[in-house]
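Chains as they are written, first to last, in the numbering used here: chain A, 1 to 428; chain B, 429 to 732.
In structure tokens form, the structure reads like this:
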């Protein structure tokens with residue numbers, strides 16, 4: 001069957017027709033917006049840009065049309081149909097190479113800040129913050145299948161928790177860290193409890209609305225949150241020792257206490273190390289959770305809610321636990337983000353941020369931990385290195401999300417699960 | 429007080445008529461494939477740009493009469509935006525017809541980011557505007573104050589009403605409308621009976637985009653300014669209107685739009701303008717919690 005298809009001559013005429021049609025449509029679609037640039041009530045024509053786009057679309061369509069006529073293309077087209085098959089089960093005695101790679105990575109990560117420049121350190125801290133966010137959202141979206149579009153609200157709760165806690169209650173980094181996780185989880189419960197009973201897609205909209213409400217309140221409540229100007233955040237301290245050159249109120253700064261010279265990137269090294277430990281902890285917790293009954297329940301609920309409820313699973317509690325754990329992770333990330341920036345304002349918590357975290361989860365693979373870590377670094381560190389493409393960053397994220405959904409809705413890295421051998425004497 | 433109340437009601441009705449037009453796109457798509465089309469707000473944003481571009485081009489040819497200008501703008505904008513609706517469905521949703529439940533939603537968010545950023549790159553991030561097309565107003569004296577009903581608002585109300593009436597006619601009395609309703613009721617059965625459901629879904633996207641285009645022209649006429657980010661907030665509000673009226677129901681979308689528009693205008697005049705978006709979003713959350721089927725919708729029943 002497949003050889004018969006492969007022997008068929010290529011229908012170049014069909015591909016040409018496809019290409020011309022695609023070119024015409026792209027001319028209609030892109031022509032006015034790309035070609036006529038508004039300038040006040042006047043306009044400037046930019047015909048060359050349109051010609052370029054139409055040319056690219058036609059060539060791309062032609063190539064795609066030809067490719068889909070080859071045996072390989074047909075195989076690929078057929079694989080789309082079954083793209084939503086479940087997890088991949090490994091052989092019971094399978095030993096992952098990760099058990100060598102993970103300790104190595106940990107060692108490298110621990111000695112890395114000694115050699116890294118301050119700039120590199122800040123980039124990696126940002127990457128790790130997104131790893132934390134990605135892991136949290138991965139529990140909500142990837143494992144439990146709840147689309148949360150207001151995830152950034154919990155991140156904002158953590159960040160503003162530190163800023164407001166310091167401003168009004170005099171709390172420091174270490175006190176706020178657990179409190180922020182708790183507060184974010186509470187907010188998650190408060191929002192989730194009434195909402196999680198209803199139809200899945202509505203959850204996306206409600207969380208989107210919630211995220212915007214939090215941002216708008218932070219933006220408009222001038223006397224409490226400083227409005228769009230934001231608030232300053234204190235530097236973290238270690239056992240009461242500060243990381244500044246000179247400590248406030250006659251205290252001893254960290255470097256004098258331990259008797260070495262002052263280093264301005266010390267604050268970032270400290271944040272990096274604490275953050276790294278927290279990420280490791282969250283990774284471990286998540287790893288354990290997915291093997292516990294509640295983790296299994298999340299995944300089962302994602303696959304078929306009606307079947308789960310018929311089996312007697314309390315769907316509200318199961319969803320709520322995922323929602324709260326995800327929210328508390330975002331709260332933690334928010335505290336790190338605030339102390340890393342030394343300053344918070346509502347502009348950091350727009351819908352785009354939620355979409356970026358969602359892109360991390362989507363790219364990494366729904367439910368896959370390694371994938372999310374890799375994707376978080378790819379999507380946050382790569383734009384730092386490719387500053388020239390900054391303008392096209394959002395465009396690329398969007399295209400990536402659409403293509404990933406078409407090509408691999410389960411993400412780049414498939415979720416795999418270790419198999420189980422039945423005990424001797426037990427019927428299989 | 430009476431004057432302000434009446435003035436805000438008029439403002440709210442104009443705004444609400446436009447929300448209703450956009451909400452139609454959400455409600456029809458949700459009714460037919462059960463998916464929230466997140467990119468719909470962006471379709472409206474694109475139509476606002478298209479209407480400004482058409483106006484600028486027509487004005488550069490020296491066209492000045494209002495009926496010709498508005499007719500040309502409406503025709504061009506609706507046609508091109510309709511093509512946008514078709515292309516978005518073809519590129520981002522059609523390949524996902526049999527995929528997981530979350531896939532089309534995420535794809536829609538991606539599409540919305542793409543459209544926003546593509547307009548930002550090609551047109552620049554600054555605010556754009558159109559000149560005032562219709563000047564003058566009716567003035568009514570009521571008690572102490574007076575109520576102003578600009579010709580633009582009258583035109584918007586009439587145009588929105590005509591648009592909705594036309595759509596109702598198409599859905600209720602034409603063959604296309606019958607096919608849409610059949611597909612909405614039972615997609616599998618409709619395709620067994622010989623309806624090309626894929627094509628009907630495409631039509632629904634085109635109709636939704638055309639309604640959003642009408643709304644885009646009208647809002648642009650009323651406010652005069654817009655930017656590439658305009659679709660996001662209006663999109664959520666139109667969705668609120670669709671949910672308020674009962675998602676999947678056409679009269680519901682129009683009713684929900686009008687109610688939301690009036691409520692928002694009254695809130696911003698009586699309580700606080702800064703928090704009017706917070707008010708709309710809170711309303712959305714509350715409706716979804718307490719009456720997810722909306723005013724005219726039927727409750728959602730999951731079938732196994």
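Yeah, the Cβ is synthetic: ideal placement off N, Cα and C, and Gly gets one too.
| Cα separation between residue 558/B and residue 272/A? | 50 Å
| field | Span of the alpha helix (DSSP H) around residue 130/A | value | 118-137
| request: Would you mind telling me which residues of chain A sit closer than 7 Å to residue 651/B, beta carbon to beta carbon, in chain order? | output: By Cβ distance, chain A contributes nothing, its closest Cβ being about 15 Å from residue 651/B, past 7 Å.
| message | Please give me, in chain order, every unbroken run of the alpha helix (DSSP H) with length at least 4 that falls completely inside the region 632-714 of chain B. | response | 658-673 and 678-698
| said: Does the CB of residue 42/A have a neighbour CB from chain B at under 8 Å? | reply: yes
| said: With H, G and I counted as helix, E and B as strand and the rest as coil, what does DSSP make of residue 41/A? | reply: coil
| Exposed or buried, what is residue 602/B when buried is set at 16 or more other beta-carbons lying within 10 Å of its beta-carbon? | exposed
| said: Quick check: residue 475/B and residue 644/B, are their CB atoms within less than 8 Å of each other? | reply: yes
| request: Inspect the beta-carbon positions of residue 710/B and residue 213/A and report whether they are closer than 8 Å. | output: With a cutoff of 8 Å on beta-carbon distance, residue 710/B and residue 213/A are scored as near each other.
| field | CB contact check: residue 29/A to chain B, cutoff 8 Å | value | yes
| query | Do we get a CB-CB distance below 8 Å when we pair residue 709/B with the residues of chain A? | reply | yes
| field | CA-to-CA distance, residue 696/B to residue 20/A, given in whole angstroms | value | 51 Å
| query | With 16 as the cutoff for other CB atoms within 10 Å, does residue 12/A come out buried or exposed? | reply | exposed
| task | For chain E, find out if any of its Cβ atoms is closer than 8 Å to the Cβ of residue 712/B; answer yes or no. | result | Any reference to chain E falls outside this structure, whose protein chains are A and B.
| field | Own chain residues within Cβ distance below 8 Å of residue 43/A, not counting five before or after | value | 36 and 37
| query | By Cβ distance below 6 Å, which residues in the same chain neighbour residue 424/A in space, the five residues on each side in sequence not counted? | reply | none
| query | Quick one: is residue 569/B buried, meaning 16 or more other Cβ sit within 10 Å of its Cβ, or exposed? | reply | exposed
| request: Answer yes or no: does any C-beta atom of chain A fall closer than 8 Å to that of residue 524/B? | output: yes
| residue 270/A (DSSP reduced to helix, strand or coil) | helix
| If you drop the 5 nearest sequence neighbours on each side, which residues of the same chain put their C-beta closer than 6 Å to that of residue 579/B? | 562 and 564
| query | Rounded C-beta distance between residue 508/B and residue 486/B? I'm assuming under 8 Å. | reply | Not quite, the Cβ-Cβ distance comes to about 14 Å (not below 8 Å), so this is no contact.
| In terms of alpha-carbon separation, which member of 299/A, 192/A, 376/A and 74/A lies closest to residue 123/A? | 376/A
| said: Once the 5 residues before and after residue 438/B are set aside, which same chain residues still bring their CB inside 8 Å of it? | reply: 575, 577 and 581
| field | Contacts around residue 619/B, its chain only, beta-carbon distance under 7 Å, and the 5 residues preceding and following it disregarded | value | Excluding sequence neighbours, residue 619/B sits near 625.
| said: Given this structure, state the Cα-to-Cα distance separating residue 2/A from residue 617/B, to the nearest angstrom. | reply: Below a pLDDT of 50, predicted positions are generally treated as unreliable, and residue 2/A, at 43, falls in that range; no measurement from the model is reported.
| Beta-carbon gap between residue 65/A and residue 26/A smaller than 8 Å | no
| message | Threshold first: 4 residues or longer. Then list the alpha helix (DSSP H) segments lying entirely within the region 11-36 of chain A, N to C. | response | 12-35
| request: Could you spell out the range, first to last residue, of the alpha helix (DSSP H) harbouring residue 545/B? | output: DSSP places residue 545/B in the uninterrupted alpha helix (DSSP H) bounded by 531-551.
| message | What does the Cβ neighbour count give for residue 444/B, buried or exposed, with the cut at 16 atoms within 10 Å? | response | buried
| query | Residues in the region 613-631 of chain B with C-beta within 8 Å of chain A's C-beta atoms, listed in sequence order? | reply | none
| Using the C-alpha atoms, what's the distance from residue 283/A back to residue 647/B? | 49 Å
| said: When you compare the region 527-534 of chain B with the region 141-153 of chain A, are there three or more beta-carbon pairs, one atom per stretch, that lie closer than 8 Å? | reply: yes
| message | Between residue 720/B and chain A, is any beta-carbon pair separated by less than 8 Å? | response | Yes - at least one Cβ of chain A is within 8 Å of the one on residue 720/B.
| field | Presumed contact (8 Å Cβ cut-off) between residue 514/B and residue 633/B, rounded CB distance | value | 6 Å
| task | Flag residue 148/A as yes if its beta-carbon sits less than 8 Å from any beta-carbon of chain B, otherwise no. | result | no
| field | alpha helix (DSSP H) segment containing residue 722/B, residue limits | value | Here residue 722/B belongs to no alpha helix (DSSP H), and DSSP marks it neither H nor E.
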